[in-house]
Structure formats: C-alpha cells, structure tokens
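Chemist: Chains A and B, in that order, are what the protein sequence lines are. Per the working numbering, the very first residue in the first sequence carries number 1; after that it's consecutive. Per the working numbering, the very first residue in the second sequence carries number 244; after that it's consecutive. Glycine included, each C-beta is placed from N, C-alpha and C at the ideal position.
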Amino acid sequence: MLERFQKIYLWMDNDGPGQEGAKQFAQKIGLNRCYMVQPLDAQDNTCKDANEALLKGIDLEAMIRAAKVTKHENVMDFEAIRSDVLHEILHPDKYTGVPMTSLPMLTDIIKGFRRGELTILTGPTGSGKTTFLGQLSLDLAEQDVNVMWGSFEIKNSKLSTVSNMFSMAKEVPAVGGVLVNAIHTLITSSLTHIGALPSIFQPDSFESFFSSSPESHFRLGNRMLLLFCISSQTVSVYCQCTL
Amino acid sequence: MEDVLDAMEYAVYVSDVEHIILDNLQFMISRNTLNKSFDKFDIQDIAIEKFRKFATDRNVHITLVVHPRKEDEASKLSISSIYGSAKATQEADTVMILQSDNAAGRHRKYLDIKKNRFDGTLGYCPLHFDRMSGRYDDTPKIVPNQ
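(1) CB B:L320 to CB B:Q342, shorter than 8 Å?
(2) Within the same chain, show all residues whose beta-carbon is closer than 6 Å to that of B:D380, passing over the 5 residues directly before and after it, in chain order.
(3) Got a sec? Which residues, its chain only, sit under 6 Å from A:Q38 by beta carbon, not counting five neighbours each side?
(4) Would you list the residues sitting across from A:G16 in a DSSP beta bridge?
(5) Examine the Cβ distances between the region 125–141 of chain A and the region 325–333 of chain B and report whether three or more of them are shorter than 8 Å.
(6) Take A:M12 and list the residues in its own chain whose beta-carbon comes closer than 6 Å to its own, dropping the five residues that flank it on each side.
(7) When you compare the CB of A:K1 with every CB in chain B, is at least one pair closer than 8 Å?
(8) Would a check of beta-carbon distances place B:V257 closer than 8 Å to chain A?
(9) Following the continuous beta strand (DSSP E) through A:M36, name the residue where it begins and the one where it ends.
(10) Taking the beta carbon of B:N267 as the centre, do at least 16 other beta carbons fall within 10 Å, making it buried, or is it exposed?
(11) Rounded C-beta distance between A:I120 and B:A335? I'm assuming under 8 Å.
(12) Mind pulling the beta strand (DSSP E) runs of 3 or more residues that sit fully within the region 315–351 of chain B?
(13) If we ignore side chains and look at the alpha-carbon of each, how far apart do B:V247 and B:K358 end up?
(14) State the DSSP-derived secondary structure class of A:H87, mapped to helix, strand or coil.
(15) Name the residues in the region 288–321 of chain B whose C-beta lies less than 7 Å from a C-beta of chain A; which are they?
(16) Using a Cβ cut-off of 8 Å, pull out every chain A residue sitting near B:D362, in sequence order please.
(17) If the cut is a Cβ gap below 8 Å, which residues of chain B does A:A128 touch?
(18) Taking A:L106 as the reference, which of B:F361, B:P383 and B:G366 has the closest Cα?
(19) Beta-carbon of B:G366 versus every beta-carbon of chain A: anything under 8 Å?
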C-alpha cells in the first residue's frame with residue numbers, strides 16, 4: 001500500500017509511547033523514507049499531536065518541513081533523549097509493563113512485563129515452569145497482548161491443552177430460579193473485556209438457551225470457550241481460553 | 244535456531260506479537276548441532292545474544308526458559324545454577340527461579356526474583372496451585388470443611 005511513496009511523514013503523539021509507536025512504524029515501512037514531525041520550540045512542545053497544534057494555530061507546514069529522518073542509532077546527544085527522560089520521570093506509571101493480573105505479588109516486584117526486555121525463567125524439572133507460563137500467557141491474552149509460544153519440548157497438541165487451562169472457575173450455589181440470573185451476571189461481569197457479547201447473552205435469550213442445553217459449551221469468538229458443569233448442588237461456569 | 248528467529252520475525256510483523264515465550268533454550272539448540280566447530284556453551288551464548296537483540300530491536304518481551312544444571316534436588320537454586328555460562332543472566336533484564344521447597348514434607352512453591360533491571364526490586368512470590376481452576380494463586384485459599 002505504501003510501497004509507492006518515497007517520503008512518508010509520521011506525526012504521532014509527543015510523548016514516550018507516541019514516539020515509540022512512530023519508531024515502530026518507521027521500522028516497518030522503512031527508516032530512511034520516514035520523516036518524523038517533531039516540536040520545533042517550547043510552544044509546539046505543549047501540543048500532544050497534530051490536532052492540538054492545528055487548534056493552537058501553530059504553523060503546521062513549518063513543522064512538517066522541519067521533519068527529519070530518524071538519526072543513526074549509535075549517535076545520540078542528550079537533546080535527543082531529554083524529553084524521553086523527563087517524561088519517564090514525570091510519568092513512571094506509563095513505563096511499567098503489562099501486569100500479571102492473577103499474581104499481584106509478582107507484579108509488585110517486577111512491575112509487569114515491559115516490551116523490549118528479556119526474562120529468563122529457570123527451575124527444577126517438574127516444578128511447574130510450563131504451567132506458570134501457560135497462566136502468564138492467558139493473563140496477557142486477557143489484556144489483549146498478542147502472545148507467541150515457541151515450544152520445543154512437548155507436542156503442539158499437548159501444549160494447547162496446557163494453555164487451555166481454565167482461565168476462571170467460579171461456582172454459583174444452585175438455588176432455584178435465581179440460578180439463571182446468577183449465571184448470567186457471572187458471565188457478563190467476567191467477560192466485559194471481550195466487548196460485544198454474542199446475542200445468546202442477551203438476558204431474554206439466555207434463559208431459553210440455558211434451559212435447553214444446560215450441560216453445554218460453546219465458542220465465544222475464536223479465543224474463548226465456555227463450559228457449564230452442573231451438579232445437584234452447584235453450577236460451575238468455566239471459561240477456557242485458547243491462544 | 245534461524246527458523247525460530249524467522250518465525251518470530253514473521254509473527255511480530257504480521258500479528259503484532261508483543262510477548263514471545265520460548266520453552267526452552269536447551270531443546271531449541273539441541274535440534275541443530277550440525278555445526279561441530281562450536282561447543283554447546285558457545286551455541287547457547289550465541290542464541291541468547293540473538294534473542295536479546297531481537298527483543299530490543301523488535302520491541303517485544305521475550306520470556307526464555309533455561310533449565311538449571313543438574314544439582315542436588317534438595318538444595319535451592321541460585322542465579323549460578325542456570326545452565327551454561329553467565330551470559331544468560333547477564334543479558335537478561337529479569338531472572339526468575341521457580342523454587343520448589345519439598346523439605347520436611349512441605350510442598351511449597353515460590354517464584355524467586357533474582358534480577359530486576361527495571362527498578363531493582365527483588366523478592367519472592369508464593370505460588371499456590373488451585374486444583375479447581377488449574378492455576379497458581381499468590382494467596383493461600385482457605386477451604387472450609389464441608
């Protein structure tokens with residue numbers, strides 16, 4: 001799509017994450033034809049993006065004309081990193097990584113998993129390294145982080161059952177007619193991050209669906225699978241996550 | 244090894260992958276021992292260097308499993324228990340050891356954070372396996388008697 005252009009101007013948010021994104025785009029579409037639009041003076045620096053600059057009546061053309069190709073990665077002066085450093089000091093929370101939601105104590109120590117870093121995990125045979133990693137990847141998947149597994153130890157089919165670990169298991173006491181509503185609340189509250197729930201989850205159609213096939217499972221998008229297991233006392237709703 | 248990097252490259256470009264889990268280093272490199280001019284420590288060092296560079300260049304997080312060297316099972320592992328030269332722990336931003344404490348009939352597991360380049364906080368996080376959900380939890384569940 002962009003192959004025919006010789007010069008591409010990138011104007012992204014004037015902060016750490018924005019500049020990071022611009023760099024990433026530039027890497028994908030070719031560093032030497034990407035011109036980064038950057039603030040020229042203190043007044044520009046207050047603008048977060050092109051829209052703000054336009055609203056403040058700043059000379060956009062001058063800014064675009066002054067855009068430069070990214071500098072050689074081995075040459076850098078403090079001028080170049082000053083804004084990054086300042087931003088990092090002022091907003092430390094923006095530089096922590098993706099948290100491992102199911103283990104808050106671990107997240108407290110390592111402050112999440114940041115991009116561009118390398119983590120080494122070791123432990124005795126059978127200590128549960130792969131299980132831990134399966135859980136980590138589910139946590140990340142739930143936060144919309146794309147995870148790739150490179151496994152050289154166990155067969156892929158086996159791995160997919162490992163990573164098919166239940167991402168949640170909750171029990172609802174089975175008390176008469178409250179049941180269906182309770183399950184509905186449980187599912188909708190647990191799965192809010194999925195976005196639009198399938199029509200089956202609309203309160204009115206859910207009841208008929210549930211009473212017609214109580215021991216059932218079905219797909220939610222291509223990532224999740226819901227399972228209902230019913231005993232005389234309790235109903236468990238499992239949500240399986242496939243990576 | 245090159246196949247792995249190739250696949251990673253593809254996944255990062257096409258699927259915008261942000262986190263790559265590699266399980267594990269030893270198995271990956273034992274698959275190609277065609278080049279006999281390097282010993283396995285050299286090969287391991289080269290592999291770690293490549294992953295380090297990949298993580299930095301492509302701006303993705305790589306979690307790499309490295310087996311410990313064979314040691315007495317009862318003793319705890321330390322940062323020097325990691326197989327191979329010190330390369331792995333030098334290049335890593337974070338080093339975590341999954342310790343399993345089976346002494347005196349206890350079965351406790353915890354994640355021992357031995358290195359943290361981000362802000363230096365070290366420590367450990369207990370892991371309690373919850374059979375119900377098949378997951379680890381960092382706080383023990385109190386199951387009431389029925």
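Modeler: So, to answer that:
(1) As a working note, residue 320 of chain B is residue 77 in the second sequence. As a working note, residue 342 of chain B is residue 99 in the second sequence. Taking 8 Å as the Cβ cut-off, B:L320 and B:Q342 qualify as a contacting pair.
(2) To locate residue 380 of chain B, count along the second sequence from 1; it is residue 137. The residues are H371 and D373.
(3) Position 38 of the first sequence, counting from 1, holds the residue named residue 38 of chain A. Cβ within range, chain order: n/a, list empty.
(4) Within the first sequence, numbered from 1, the residue matching residue 16 of chain A stands at position 16. Paired residue(s): none; A:G16 is not in a bridge.
(5) With a cut-off of 8 Å, the region 325–333 of chain B and the region 125–141 of chain A do not count as touching, because too few Cβ pairs lie within range.
(6) As a working mapping, residue 12 of chain A is identified with position 12 in the first sequence. Correct list, in chain order: G18, G21 and A22.
(7) By 1-based counting over the first sequence, the position of residue 1 of chain A is 1. The sequence shown places Met at residue 1 of chain A, not Lys. Chain B, which has no Cβ nearer than 8 Å to the Cβ of A:M1, makes this no.
(8) Position 14 of the second sequence, counted from the start, is the residue given in the question as residue 257 of chain B. No, its Cβ sits nowhere closer than 8 Å to a Cβ of chain A.
(9) If you number the first sequence from 1, residue 36 of chain A lands on position 36. Segment C34 to M36, the beta strand (DSSP E) holding A:M36.
(10) To locate residue 267 of chain B, count along the second sequence from 1; it is residue 24. The residue is buried, with at least 16 neighbouring Cβ atoms inside 10 Å.
(11) Here the question's residue 120 of chain A lines up with position 120 in the first sequence. Here the question's residue 335 of chain B lines up with position 92 in the second sequence. About 4 Å separates the two Cβ atoms, so the contact holds.
(12) 337–344
(13) Position 4 of the second sequence holds residue 247 of chain B. Position 115 of the second sequence holds residue 358 of chain B. Whole-angstrom Cα-Cα distance: 26 Å.
(14) Along the first sequence, read from residue 1 onward, the residue named residue 87 of chain A stands at position 87. Here A:H87 sits in helix by DSSP.
(15) F294, R295, A298, T299, N302, V303, H304, I305, T306, L307, V308, V309, H310, P311, E316 and L320
(16) Numbered from 1 along the second sequence, position 119 holds the residue referred to as residue 362 of chain B. Within 8 Å of the CB of B:D362, the CB atoms of chain A belong to K111, in sequence order along the chain.
(17) Within the first sequence, the letter at position 128 stands for residue 128 of chain A. As written in the sequence, residue 128 of chain A is Gly, which differs from the Ala given in the question. Those within 8 Å of A:G128 in chain B are L341, S343, K352, L370, F372 and Y379.
(18) Walking along the first sequence from the start, residue 106 of chain A turns up at place 106. It is B:G366 whose Cα lies nearest to the Cα of A:L106.
(19) Locating residue 366 of chain B in the second sequence gives position 123, counting from the first residue. So, interface residue.
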